[in-house]
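Peer 1:
Protein chains: 2
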Amino acid sequence: MNKMNFNLKQYLKEKQELVNLHLKMILQQYEQKRELVLAMSHSLMAGGKRLRPILSMASAEACGKNFELALPVSCAIEMIHTYSLIHDDLPAMDNDDLRRGLPTCHKKFSEATAILAGDALLTHAFNVMSQPEQVFKNFPNSQTRIKLISRISQAAGIQGMVEGQMLDMQPYQPKENDSLINHLKKIHALKTGKMITVSVEAGALSVGADPEMINKLVAYADKIGLAFQVVDDILNIEGDPKIMGKAAGSDVLNDKMTFPAIIGLDESKKFAKNLVDNALDSISLFDETAVPLRAIANYIINRDH
Amino acid sequence: MNKMNFNLKQYLKEKQELVNLHLKMILQQYEQKRELVLAMSHSLMAGGKRLRPILSMASAEACGKNFELALPVSCAIEMIHTYSLIHDDLPAMDNDDLRRGLPTCHKKFSEATAILAGDALLTHAFNVMSQPEQVFKNFPNSQTRIKLISRISQAAGIQGMVEGQMLDMQPYQPKENDSLINHLKKIHALKTGKMITVSVEAGALSVGADPEMINKLVAYADKIGLAFQVVDDILNIEGDPKIMGKAAGSDVLNDKMTFPAIIGLDESKKFAKNLVDNALDSISLFDETAVPLRAIANYIINRDH
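This is the structure:
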C-alpha cells in the first residue's frame, strides 16, 4: 500500500461492499419473507457508512495482517450498531421517522417489530462472533473470539453504549467538578466512543496483534471517535440536508446539547482538527500499513455527511 | 443424593439463593444509584422461580459433575430471560402493568429506561459468559464458553425466543398442513421451549458431558418445556391469583390462544402429564444424580404458580 497512490474513496467502497455482502449472507440463512427478518434486513441493509467495520478491518491491516480475520467481528459490530439505531429511533426514545433517508424500522413495520428486530440483531451479533464458520472462511480461534465477545459486550452495555443513551435522555444536572462540556464528552464517549474504540481494538485482536500495538490503536480510536461526534454536530448546522439524508438544524430545534452550542462553531472545528492530529500522532510509528487508518482520520473531519 | 430423602423444596431454595447471590454480585460491580442499574436490578431481583438456572445446574449434577461450573451460564440465562420479560411487558407488546407481583419495569421507571434495561441485561449476559472470572470461582474453558454462547444466542434469537414473541403477536393465519394446536406448539417451542432446552444443554456442556448424555437431557428438556407452558395455561384458569401474583382468567379475557381453549381443560391436563412421563423416560438411564431433574419434572405439573 503506497501513500502516493492510495485512493480512500475506492478503499471505503471496496470494504463497504465486502461488509454488505457478508451481512447479506448472514441474513440469507433465514427465511426472507418472515416479518422479523424483513425488519432486521430493512435497517441492516439501509446503506450506512459502515465506519465501524471499516475501522476494524483497517486496524487489522495496520497490524500487517490478513484483514479478513477481522471480517466476522466487523459484521457483528455493525449489527450491534444497527440495533442501537433501531432502539434509539423508537417513539419512547428519540422518536425519529427517518434514518439514512429511509423510514425508521418502527415506521416501516411496527413498534413491537422494531423492538424485536433490534433484540434479534443484538443477539445474533453474538452468534456471528461465536459461530463465524457458518458464513466466514477466515476467523480467529476460540480464545480470541471469547476475548472479542468480552470486550464488545463491555463497550455495548452497562458501562458503554446503553449507559450513553440513558445519559443522553436525562436532563443535565450540574455536579461539582463537572462542566457542561465534560458532561457532553462523557455522553459521547459512552454512547458512540466506546463502540468505535472497540471496533479498532477488535480488528487488532482478531489478527493477534501485540498489546503495545493495540494500545496505540486504541489511543487513535479514542480521539477519532470523539472527533466524529464533534463533526456530526457541526454538520447538523452546516450540512446539506440532501446529502445527509436528514434535516439540517434539527439539533437546535430539538434543543440538543452539542459542541457548537457550548463552545461555538469555530472552537468546535479547531477541537475536531486537534483531535485528529492527536489521533495521527498516536499511530505515527506504524508504517505504510496504517495509510488507510490515517486517511480515515482525515476523512472524518472533511466529510460532508 | 438419595431418592428417599431428597427434599425438592429445600433443593430449589438453595439453588435460588445461589443464583440470587451471584446475580446480585454481577450488578454490584456497577454504581447502584444509576437509573439503568436500578431498573436492571428491579426486574432481575424481583424474585422469579429461577427455573432455567436451576435446570441448568441440575443438568450438570445429573452428569455427575460439579454444578458450580454451570453457575455462570445459569446466571447469564436468567439475565436473558429477564430481558425478554421486560421487553414483552412493554406497551407496544403485551402492555402489562404487573410482573411477579411488582410493577413492570416500564411502569416503575419509564418506557425508554425499560427498553434500555432489557438491552443492557441481554448484552451483559454475554459479558458474564465470556468473562465469568469477574464474579465466579469456577467456570468452563474458552472453547466451552464459545460453544455456550453460540447455543444460547441461537436459542434466544432469530430462530428462537425473539421469533416466538413475533409469532405470538401476529394473528393466526391458517395454513395447509398446520392445525391450530400445532401452531400453538410452535409458538411455545420458540418463545419458551428453546431457552428451557438450552438451559439444560448448557449445564451439561459446562461440565463437559458427552454428546449421548446431552442428547438424552435435551429430549427431557424439550418435553418439560412444553409441559411447563401447558400447565401455565391451566393455572391461568384454575390458579389462585394471590399465589400467582397476577389475575386468573386473563388469557380468556385477552382472547389468548391457549391449550385449554383449543383442546379443553381435561385434555390439557392429560397432555401435560404425558409430556412429563416422556421426559422422565428420556433420562431413565441416569442414576441417582438425576433425582433433582426427575423431581423438577414432577413439580412442573404439580405446582400452584
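Chains as they are written, first to last, in the working numbering: chain A, 1 to 305; chain B, 1001 to 1305.
Note that beta-carbon positions come from the ideal geometry of N, C-alpha and C, so glycine has one too.
(1) Could you work out which residue in L55(A), S59(A), H22(A) is closest to M45(A) when comparing CA atoms only?
(2) Quick one, which residues of the stretch 1141-1155 of chain B are near chain A if we go by CB-CB under 7 Å, in chain order?
(3) Can you pull the chain B residues whose beta carbon is under 8 Å from the beta carbon of E201(A), in chain order?
(4) Going by DSSP in three states, D1178(B) sits in which element: helix, strand or coil?
(5) Using the beta-carbon count (16 or more within 10 Å), is K175(A) buried or exposed?
(6) Would you mind telling me which residues of chain A sit closer than 8 Å to V1162(B), beta carbon to beta carbon, in chain order?
(7) When you compare each of G1264(B), L1205(B), V1200(B), H1305(B) to R1294(B) by their alpha carbons, which one comes out closest?
(8) Can you tell me whether Y172(A) is buried or exposed? The criterion is at least 16 other CB atoms within 10 Å of its CB, across all chains shown.
(9) I'd like to know whether the C-beta of N1177(B) is nearer than 8 Å to at least one C-beta of chain A.
(10) Under a CB-based cut-off of 8 Å, is G157(A) close to chain B?
(11) If I measure Cβ to Cβ from D1222(B) and keep anything under 7 Å in the same chain, skipping five residues before and after, which residues do I get?
(12) L1012(B): which of L1205(B), M1057(B), D1304(B), D1232(B) sits nearest, CA to CA?
(13) Who are the neighbours of A1060(B) on chain A, taking C-beta pairs under 8 Å?
(14) Around the Cβ of D266(A), are there at least 16 other Cβ atoms within 10 angstroms (buried) or fewer (exposed)?
(15) Below 8 Å on the Cβ atoms is my contact criterion, and I expect D1273(B) with I1296(B) to pass it. Report the Cβ-Cβ distance as a whole number of Å.
(16) Is it true that the stretch 124-144 of chain A meets the stretch 90-105 of chain A, where meeting means three or more beta-carbon pairs spaced less than 8 Å apart?
(17) What residue does the alpha helix (DSSP H) around G1225(B) start on, and which one ends it?
(18) Check whether chain C comes within 8 Å of A1261(B), counting only Cβ atoms and requiring the distance to be less than that.
(19) Should P211(A) be labelled buried (16 or more other beta-carbon atoms within 10 Å of its own) or exposed?
(20) Evaluate the contact criterion for the stretch 69-78 of chain A versus the stretch 205-219 of chain A: three or more CB pairs, one atom per stretch, below 8 Å.
(21) When we look at the beta-carbon of M40(A) and count the other beta-carbons within 10 Å, is it buried (16 or more) or exposed?
(22) Strictly under 8 Å for the Cβ-Cβ distance: is M1079(B) near chain A by that measure?
(23) Just grab the DSSP bridge partners of L102(A) for me.
(24) Can you find a CB in chain A that lies within less than 8 Å of the CB of F1139(B)?
(25) Within this structure, are the beta carbons of T1123(B) and A156(A) separated by less than 8 Å?
(26) Does F136(A) get closer than 8 Å to chain B when you measure Cβ to Cβ?
(27) So with CB distances below 8 Å, who are the chain A contacts of Y1030(B)?
(28) F1067(B) by DSSP, collapsed to three states: which one?
(29) Under 8 Å, Cβ to Cβ, is there at least one residue of chain A near M1257(B)?
(30) Using the beta-carbon of each residue, which ones in chain A are nearer than 8 Å to H1087(B)?
(31) Taking DSSP as the reference, what is the three-state secondary structure of N5(A)?
(32) Taking 8 Å as the CB-CB limit, is Q173(A) close to chain B?
(33) State the Cα-Cα distance for the pair A1139(B) and M257(A), rounded to the nearest angstrom.
(34) Hey, is Q1165(B)'s beta-carbon within less than 8 Å of any beta-carbon in chain A?
(35) Mind pulling the chain A residues with CB within less than 9 Å of L1090(B)?
(36) Taking S1130(B) as the query, report the chain A residues whose CB atoms sit under 7 Å from its CB, ordered along the chain.
Peer 2: Answer, in terms of the structure:
(1) Taking only the C-alpha atoms, the option nearest M45(A) is H22(A).
(2) Close to chain A, meaning a Cβ-Cβ distance shorter than 7 Å, are the following residues of the stretch 1141-1155 of chain B: S1142, Q1143, R1145, I1146, I1149, S1150, S1153, Q1154.
(3) For the C-beta of E201(A), not a single chain B residue is nearer than 8 Å; the gap to the nearest is close to 15 Å.
(4) Residue state, collapsed to three classes: strand.
(5) A residue is called buried when at least 16 other Cβ atoms come within 10 angstroms of its Cβ; K175(A) does not meet this threshold and is exposed.
(6) Going along chain A in sequence order, the residues near V1162(B) (Cβ under 8 Å) are L36, L116, D119, A120, T123.
(7) Closest by alpha carbon: V1200(B).
(8) Y172(A) should be labelled exposed.
(9) By this cut-off, N1177(B) is not an interface position.
(10) With 8 Å as the cut-off, G157(A) counts as an interface residue toward chain B.
(11) Within the same chain, and ignoring the five residues on either side of D1222(B) in sequence, the residues whose Cβ sits closer than 7 Å to its Cβ are G1193, T1197.
(12) In terms of CA proximity to L1012(B), M1057(B) leads the group L1205(B), M1057(B), D1304(B), D1232(B).
(13) What A1060(B) touches in chain A: nothing, since even the nearest Cβ is about 20 Å away.
(14) It counts as exposed.
(15) The sequence shown places Lys at residue 1273(B), not Asp. A Cβ-Cβ separation of about 15 Å leaves K1273(B) out of contact with I1296(B) under the 8 Å criterion.
(16) Counting Cβ pairs under 8 Å, fewer than three are found: no touch.
(17) 1211-1238 is the extent of the alpha helix (DSSP H) around G1225(B).
(18) Reference to chain C is not applicable here, since the protein chains of this structure are A and B.
(19) Exposed.
(20) They touch, by the three-pair rule.
(21) Buried, by the Cβ-count rule.
(22) Taking CB atoms only, M1079(B) has no neighbour in chain A less than 8 Å away.
(23) DSSP output for L102(A) lists R99(A) as bridge partner(s).
(24) Chain A, which has no Cβ nearer than 8 Å to the Cβ of F1139(B), makes this no.
(25) The Cβ atoms of T1123(B) and A156(A) lie closer than 8 Å to each other.
(26) It does not; no Cβ of chain B falls within 8 Å.
(27) The answer, in chain order, is I158, Q159.
(28) In this structure, F1067(B) counts as helix in the three-state DSSP scheme.
(29) False, the Cβ-Cβ gap to chain A never drops below 8 Å.
(30) Neighbourhood of H1087(B) in chain A, by CB distance below 8 Å: I115, L116, D119, in chain order.
(31) Of the three classes helix, strand and coil, the one that applies to N5(A) here is coil, per DSSP.
(32) Chain B has no Cβ within less than 8 Å of the Cβ of Q173(A).
(33) The question names Ala, but residue 1139(B) is Phe in the sequence shown. Distance between F1139(B) and M257(A), taken at the CA atoms: about 44 Å.
(34) Yes, because at least one Cβ of chain A sits closer than 8 Å to the Cβ of Q1165(B).
(35) For L1090(B), the residues of chain A that pass the 9 Å Cβ criterion are A92, E111, A112, I115, in the order they occur in the chain.
(36) Chain A residues near S1130(B): I146, I149, S150, S153.
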